[in-house]
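Engineer: Let me begin by handing over the structure; questions about it come next.
Protein chains: 2
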Amino acid sequence: MASKTLRIVPLGGLGEIGKNMMTVEYGDNILVIDTGIMFPENDMLGIDYIIPDFNYLLQKRDKVRGIIVTHGHEDHTGAIRHVIEEISAPIYATRLTRGLLEAKLTRGGMLKDIKLNTVGAGEQVRVGPFEIEFFHVCHSIPDGVGLAITTPAGLIVHSGDYKFDHTPVDGWPTDFAKLGELGGRGVLALMADSTNADEPGWTPSETVIDRAFDDVFRQAEGRILIGTFASLISRMAQAAHAAFNHGRSMAFVGTSMVENARIARSLGYLDVPDELIVPLDEALRMPPSKVILMCTGTQGEPSSILGRLSTGTNRQFDLIRGDTVVLSSHPIPGNEEMVHRTINRLLQRGADVVYDAIAPVHVSGHARQEEMKLLLRLIQPKYFVPIHGELRHLKQHASLAREIGIPADQVAVVENGTVIEFSEGMMHIGERVPGGYVFVDGSGVGDIGPTVMREREALARDGFVVVHLHLDGESGKLREEPEIVSKGFVFVRDAEQLFEDARTKIDHLAASANGAHLEELVENELSKYFYAETRRRPMVFVFASRHN
Amino acid sequence: MASKTLRIVPLGGLGEIGKNMMTVEYGDNILVIDTGIMFPENDMLGIDYIIPDFNYLLQKRDKVRGIIVTHGHEDHTGAIRHVIEEISAPIYATRLTRGLLEAKLTRGGMLKDIKLNTVGAGEQVRVGPFEIEFFHVCHSIPDGVGLAITTPAGLIVHSGDYKFDHTPVDGWPTDFAKLGELGGRGVLALMADSTNADEPGWTPSETVIDRAFDDVFRQAEGRILIGTFASLISRMAQAAHAAFNHGRSMAFVGTSMVENARIARSLGYLDVPDELIVPLDEALRMPPSKVILMCTGTQGEPSSILGRLSTGTNRQFDLIRGDTVVLSSHPIPGNEEMVHRTINRLLQRGADVVYDAIAPVHVSGHARQEEMKLLLRLIQPKYFVPIHGELRHLKQHASLAREIGIPADQVAVVENGTVIEFSEGMMHIGERVPGGYVFVDGSGVGDIGPTVMREREALARDGFVVVHLHLDGESGKLREEPEIVSKGFVFVRDAEQLFEDARTKIDHLAASANGAHLEELVENELSKYFYAETRRRPMVFVFASRHN
Numbered sequence: 012m013a014s015k016t017l018r019i020v021p022l023g024g025l026g027e028i029g030k031n032m033m034t035v036e037y038g039d040n041i042l043v044i045d046t047g048i049m050f051p052e053n054d055m056l057g058i059d060y061i062i063p064d065f066n067y068l069l070q071k072r073d074k075v076r077g078i079i080v081t082h083g084h085e086d087h088t089g090a091i092r093h094v095i096e097e098i099s100a101p102i103y104a105t106r107l108t109r110g111l112l113e114a115k116l117t118r119g120g121m122l123k124d125i126k127l128n129t130v131g132a133g134e135q136v137r138v139g140p141f142e143i144e145f146f147h148v149c150h151s152i153p154d155g156v157g158l159a160i161t162t163p164a165g166l167i168v169h170s171g172d173y174k175f176d177h178t179p180v181d182g183w184p185t186d187f188a189k190l191g192e193l194g195g196r197g198v199l200a201l202m203a204d205s206t207n208a209d210e211p212g213w214t215p216s217e218t219v220i221d222r223a224f225d226d227v228f229r230q231a232e233g234r235i236l237i238g239t240f241a242s243l244i245s246r247m248a249q250a251a252h253a254a255f256n257h258g259r260s261m262a263f264v265g266t267s268m269v270e271n272a273r274i275a276r277s278l279g280y281l282d283v284p285d286e287l288i289v290p291l292d293e294a295l296r297m298p299p300s301k302v303i304l305m306c307t308g309t310q311g312e313p314s315s316i317l318g319r320l321s322t323g324t325n326r327q328f329d330l331i332r333g334d335t336v337v338l339s340s341h342p343i344p345g346n347e348e349m350v351h352r353t354i355n356r357l358l359q360r361g362a363d364v365v366y367d368a369i370a371p372v373h374v375s376g377h378a379r380q381e382e383m384k385l386l387l388r389l390i391q392p393k394y395f396v397p398i399h400g401e402l403r404h405l406k407q408h409a410s411l412a413r414e415i416g417i418p419a420d421q422v423a424v425v426e427n428g429t430v431i432e433f434s435e436g437m438m439h440i441g442e443r444v445p446g447g448y449v450f451v452d453g454s455g456v457g458d459i460g461p462t463v464m465r466e467r468e469a470l471a472r473d474g475f476v477v478v479h480l481h482l483d484g485e486s487g488k489l490r491e492e493p494e495i496v497s498k499g500f501v502f503v504r505d506a507e508q509l510f511e512d513a514r515t516k517i518d519h520l521a522a523s524a525n526g527a528h529l530e531e532l533v534e535n536e537l538s539k540y541f542y543a544e545t546r547r548r549p550m551v552f553v554f555a556s557r558h559n
Numbered sequence: 012m013a014s015k016t017l018r019i020v021p022l023g024g025l026g027e028i029g030k031n032m033m034t035v036e037y038g039d040n041i042l043v044i045d046t047g048i049m050f051p052e053n054d055m056l057g058i059d060y061i062i063p064d065f066n067y068l069l070q071k072r073d074k075v076r077g078i079i080v081t082h083g084h085e086d087h088t089g090a091i092r093h094v095i096e097e098i099s100a101p102i103y104a105t106r107l108t109r110g111l112l113e114a115k116l117t118r119g120g121m122l123k124d125i126k127l128n129t130v131g132a133g134e135q136v137r138v139g140p141f142e143i144e145f146f147h148v149c150h151s152i153p154d155g156v157g158l159a160i161t162t163p164a165g166l167i168v169h170s171g172d173y174k175f176d177h178t179p180v181d182g183w184p185t186d187f188a189k190l191g192e193l194g195g196r197g198v199l200a201l202m203a204d205s206t207n208a209d210e211p212g213w214t215p216s217e218t219v220i221d222r223a224f225d226d227v228f229r230q231a232e233g234r235i236l237i238g239t240f241a242s243l244i245s246r247m248a249q250a251a252h253a254a255f256n257h258g259r260s261m262a263f264v265g266t267s268m269v270e271n272a273r274i275a276r277s278l279g280y281l282d283v284p285d286e287l288i289v290p291l292d293e294a295l296r297m298p299p300s301k302v303i304l305m306c307t308g309t310q311g312e313p314s315s316i317l318g319r320l321s322t323g324t325n326r327q328f329d330l331i332r333g334d335t336v337v338l339s340s341h342p343i344p345g346n347e348e349m350v351h352r353t354i355n356r357l358l359q360r361g362a363d364v365v366y367d368a369i370a371p372v373h374v375s376g377h378a379r380q381e382e383m384k385l386l387l388r389l390i391q392p393k394y395f396v397p398i399h400g401e402l403r404h405l406k407q408h409a410s411l412a413r414e415i416g417i418p419a420d421q422v423a424v425v426e427n428g429t430v431i432e433f434s435e436g437m438m439h440i441g442e443r444v445p446g447g448y449v450f451v452d453g454s455g456v457g458d459i460g461p462t463v464m465r466e467r468e469a470l471a472r473d474g475f476v477v478v479h480l481h482l483d484g485e486s487g488k489l490r491e492e493p494e495i496v497s498k499g500f501v502f503v504r505d506a507e508q509l510f511e512d513a514r515t516k517i518d519h520l521a522a523s524a525n526g527a528h529l530e531e532l533v534e535n536e537l538s539k540y541f542y543a544e545t546r547r548r549p550m551v552f553v554f555a556s557r558h559n
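Residue numbers (the working numbering), protein chains in the order written: chain A, 12 to 559; chain B, 12 to 559.
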């Protein structure tokens, strides 16, 4: 029975469901879709990034027949290194996605043992019992694909990250014909991108940005700095187009921007005349009205080009009065504060700043409600599984599906780790596999758990105090003044009296105690004392050395 | 010359300009407008709240003739305690604002020496050389006022936080007649709320919420929990109205909600029949379809009612299946992530969640672009000073003013601390007074500066390690195993080998060093070692005790 069951498992924790990684399983065959990372939230202190916990998969790693990466964004590619360290299976990706994966694996020195297969939209690949058709979808990076997977249990369609843009920058719209054809064939289940499920209407075409750029370029008298994601190849093309029209040259600034432009140009995904592009140092010597600079830093990251320009700490060049900065992006939830702060600082330094709240210089890469309904109509699936969104987005997507007539019991809103089973044409919500997210911090993968996070939270809030006691081994009395070190608690130079009084307190404790449990006593009493004086709760540690 | 000059000074740092506190000065007379706090941003670790630095004012505290508080929100009232500790001057506020200030000062035990004056919209007060007329403005709390200040240098209008709602819940619209009359009188300068300057159109009336509530109440079969700000008295009234219409009783949950409802009811700002209100414990015993609970926690605060319900840690009651939670609010920038996480968790626990992205259950308390233009048209000021917004909002508000014909050189976009001077009918941008923001952390006001913040950031990112060396005083060699304690760095139980190797390293260092600078040497070498092993940079502290 179980061997005739198709299992679909989105992996990860309480985040976007099925976004970073999911599996499609039939008998002894597993297909992995995407190997991405999640970015840490504001209260995940010190964490570099987060990967789905795929321990569940390691128990059956020999059954993994292939890994498909649907497009080149970090939340779909970023964990590739971690996955292939544990699981050896061929990777399938389109040309640009493959190029970006290669660059990633080359940097990690891991390219040699990997079997990377290039697939193209419109092509078909057999992996174990799965016949996989790749179809083109528009998104905010070129060469994204959705998947039609013919399994022994039926046809499954996975949208990838998509939108329906009738006039995309690269002239390559989402493959409506294929979607219609799949719908006609009869689809057992559709899994589709829910990111914008609470946005009514239809995401505007990328071409609206051309008009907004044209406005900016007509008005700007000085340099134009365009900030966007380094992966937003189509935006580079649009900026280049505007630069060409307005007689400006273009320079790429920042490692990832330069690297991605290089890959995209060499693979033919960024068609820009050579003479338009100049190196940064040359651009900086040109008249301001003749250049545009493509930069990173639209999320307010302090170490990015725009971040450093906003604080006057960029090495190669500074903002100059008359610069126009265009933030061709939208804040990722959680980054709003940093983005707004960066905008305020850029304004403070005399730049003009154009961002999506005041001009249409950015559009989303994801479908909105009307597009979602269209996809559902085109595919006409028996079952619908909203993916790629938080639980709140999935619920909204599910209610759209019900609106257009898919019965509620044929829609599965599940969390990461929940197994969705299909057998004999029926869907069944199965067990919950162990999972969650794994924090990556420095070179440590998964060693930071709740204990360390709680310690970091406490330290971030109130700092710590360390006390070193020198005791007489026989009498248990203090031989010297206690040494006290604190960080993150109070400004030490202004708190001399506080620590002086703490030392007096320790003197009394040492004099009255028998010396045996003095460390514990001092820890408790100082904690209370510091709270009474400051209403803060620093961690307090006491060391004692006993000698005669 | 200077004595005939009117000076206006917004106080604070890089935040909203003039939001929390500003001064109007003429000769030896100072009027303070608002005494509010700013909420800490995500990277202001451990900070409770932030107040404007008003040291500038302390040098001339004897000249302060009065303090006006325009409405009862924390960002206008929250610093009252800090201000009146330093400056003794009569306070002027409307009845509800006064009631909320009194509650605040009573809690601080500070009510006795304060002269609190009640003023009403439509009334007039003379403070030193200033003739102040209070006029009613709609906002998301009742009894807000704007100010018309007749000064020897001319008439100044301050909008307060405002919007133009033609159908406000309390039936009391913004005083158009007064605004028109002021415009006719001739206004030297308008200072106006810029919060929504990047929002096109007109903020919808509060009454749209009545219809949204009605929809929710018709569909909900179980309990209804309405989350909103404790200060949103009009929202309480709307919830009460919906409860009445649908035969439900209403309970207030949480200290601030209960307290504010009490004040508002006793002062007549919340007109709800007694029999509609039930205590929480009674509400919890009633059939779910018969109650609504008004709660706090719409910003995702973990310690709020909704925060605790979302994690299953609320003491008095839990969510039950069939509950409908309405978030009648909008995330304050920076809180989006926490709010979304709370929504996802409430959904996970089986509640239905209605929030502003999916139904109009909230509207802003601030004017949008068309309202801003209307205010400018009504007042027809000679000079315009956008306030109450970040620099980016002020710039947008300024460009609206230019659109309707106010010349660019008659619009002053300034930062906090910049003095705006008016003399002989002309505006002049003056000096910059020292200022900024002051962090309040526990009982400490201003003792946390950049040094402590940097320490907290470092601790939050990578934690710390403390090493205690027991050395032989003569040979400088180790007498015992070094003690090592770490927090926030690695999970100690999994890192035994790391610390074992660190001890070995210390052994070698102690054996080869002459013992004099061993602490420094161990600190440096361990820092390098931990970075090499973990790519993390914990703070490392070494203590040594030397004895024979």
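Every residue, glycine too, gets a C-beta built ideally from N, C-alpha and C.
CA-CA distance, Ser300 (chain A) and Ala294 (chain A)?
Structural biologist: Between Ser300 (chain A) and Ala294 (chain A), the C-alpha separation is close to 11 Å.
Engineer: Kindly identify the DSSP beta-bridge partner or partners of Ala42 (chain A).
Structural biologist: It should be pointed out that residue 42 (chain A) corresponds to Leu in this sequence rather than to Ala. Partner(s): A:Val35 and A:Gly77.
Engineer: Would you identify the three-state DSSP class for His169 (chain B), choosing helix, strand or coil?
Structural biologist: strand
Engineer: Going by Cα to Cα distance, which pick from B:Lys384, B:Ile152 and B:Ile58 is closest to Ala469 (chain A)?
Structural biologist: Of the listed residues, the one whose Cα sits closest to Ala469 (chain A) is B:Ile58.
Engineer: Could you tell me whether the region 34-49 of chain B touches the region 518-534 of chain A, using the rule of 3 or more Cβ pairs below 8 Å?
Structural biologist: no
Engineer: Give a yes or no on whether the minimum CB-CB distance between Glu36 (chain A) and chain B is below 8 Å.
Structural biologist: no
Engineer: Count the other CB atoms, across all protein chains shown, that sit within 10 Å of the CB of Lys123 (chain A); report buried if there are 16 or more and exposed otherwise.
Structural biologist: exposed
Engineer: By the 9 Å beta-carbon criterion, what residues does the region 245-257 of chain A contribute toward chain B?
Structural biologist: Residues of the region 245-257 of chain A whose Cβ lies closer than 9 Å to any Cβ of chain B: none.
Engineer: What are the uninterrupted segments assigned as alpha helix (DSSP H) that are 4 or more residues long and contained completely in the region 445-481 of chain B, given in chain order?
Structural biologist: 461-473
Engineer: What's the gap between the Cα of Pro371 (chain B) and the Cα of Leu68 (chain B)?
Structural biologist: Approximately 43 Å between the Cα atoms of the pair.
Engineer: Using 10 angstroms around the beta-carbon of Gly197 (chain B), count the other beta-carbons present and answer buried if the total reaches 16, otherwise exposed.
Structural biologist: By the neighbour-count rule (16 or more Cβ atoms within 10 Å), Gly197 (chain B) is not buried but exposed.
Engineer: Determine the direct distance from the alpha carbon of Pro21 (chain B) to that of His399 (chain B), and round the result to whole angstroms.
Structural biologist: 10 Å
Engineer: What are the residues that DSSP puts in a beta bridge with Ile431 (chain B)?
Structural biologist: Among the bridge pairs identified by DSSP, Ile431 (chain B) is matched with B:Ile19 and B:Ile440.
Engineer: Who are the near neighbours of Gly499 (chain B) in its chain, counting only those whose CB is closer than 8 Å to its CB and skipping five residues on each side?
Structural biologist: Only Leu470, Ala471, Asp473, Gly474, Phe475 and Pro549 meet the Cβ criterion.
Engineer: Is the shortest distance between the beta-carbon of Thr309 (chain B) and the beta-carbons of chain A less than 8 Å?
Structural biologist: no
Engineer: Return the bridge partner residues of Glu494 (chain A) from the DSSP annotation.
Structural biologist: A:His479
Engineer: Cβ of Pro141 (chain B) less than 8 Å from any chain A Cβ?
Structural biologist: Residue identity differs from the one stated: residue 141 (chain B) is Phe in this sequence, not Pro. It does not; no Cβ of chain A falls within 8 Å.
Engineer: Measuring straight from C-alpha to C-alpha, what distance separates Ile41 (chain A) and Leu317 (chain B)?
Structural biologist: Cα to Cα, Ile41 (chain A) sits roughly 41 Å from Leu317 (chain B).
Engineer: For the pair the region 440-448 of chain A and the region 413-430 of chain A, tell me if three or more CB-CB distances fall below 8 Å.
Structural biologist: yes
Engineer: Just curious, the beta strand (DSSP E) that Phe554 (chain A) is in, first and last residue?
Structural biologist: Met550 to His558
Engineer: With distances taken from CA atoms, which of A:Glu544, A:Lys488, A:Thr545 and A:Asp512 is nearest His528 (chain A)?
Structural biologist: A:Lys488
Engineer: Is the beta carbon of Thr161 (chain B) less than 8 Å from the beta carbon of Ala132 (chain B)?
Structural biologist: The Cβ atoms of Thr161 (chain B) and Ala132 (chain B) do not sit closer than 8 Å to each other.
Engineer: State the Cα-Cα distance for the pair Ser454 (chain A) and Ile235 (chain A), rounded to the nearest angstrom.
Structural biologist: The C-alpha of Ile235 (chain A) is placed about 38 Å away from the C-alpha of Ser454 (chain A).
Engineer: Flag this pair as touching only if the region 210-221 of chain B and the region 165-182 of chain B have three or more C-beta atom pairs under 8 Å; answer yes or no.
Structural biologist: yes
Engineer: Let me know if Asn256 (chain B) comes out buried or exposed under the rule of 16 or more other beta-carbons within 10 Å of its beta-carbon.
Structural biologist: exposed
Engineer: What separation, rounded to the nearest whole angstrom, lies between the Cα atoms of Lys516 (chain A) and His558 (chain A)?
Structural biologist: If you take the alpha carbons of Lys516 (chain A) and His558 (chain A), they lie about 22 Å apart.
Engineer: Report the rounded CA-to-CA distance for Asp181 (chain A) versus Tyr60 (chain B), giving the unit in angstroms.
Structural biologist: When rounded, the distance between both Cα atoms is 49 Å.
Engineer: Counting beta carbon pairs with one atom in the region 396-414 of chain B and one in the region 199-207 of chain B, are three or more of them shorter than 8 Å?
Structural biologist: yes
Engineer: What are the residues in the region 311-339 of chain A lying within 8 Å of chain B by C-beta distance?
Structural biologist: Against chain B - using a Cβ distance shorter than 8 Å - the region 311-339 of chain A contributes no residues.
Engineer: Is the Cβ-Cβ distance between Val463 (chain B) and Ile62 (chain B) less than 8 Å?
Structural biologist: no
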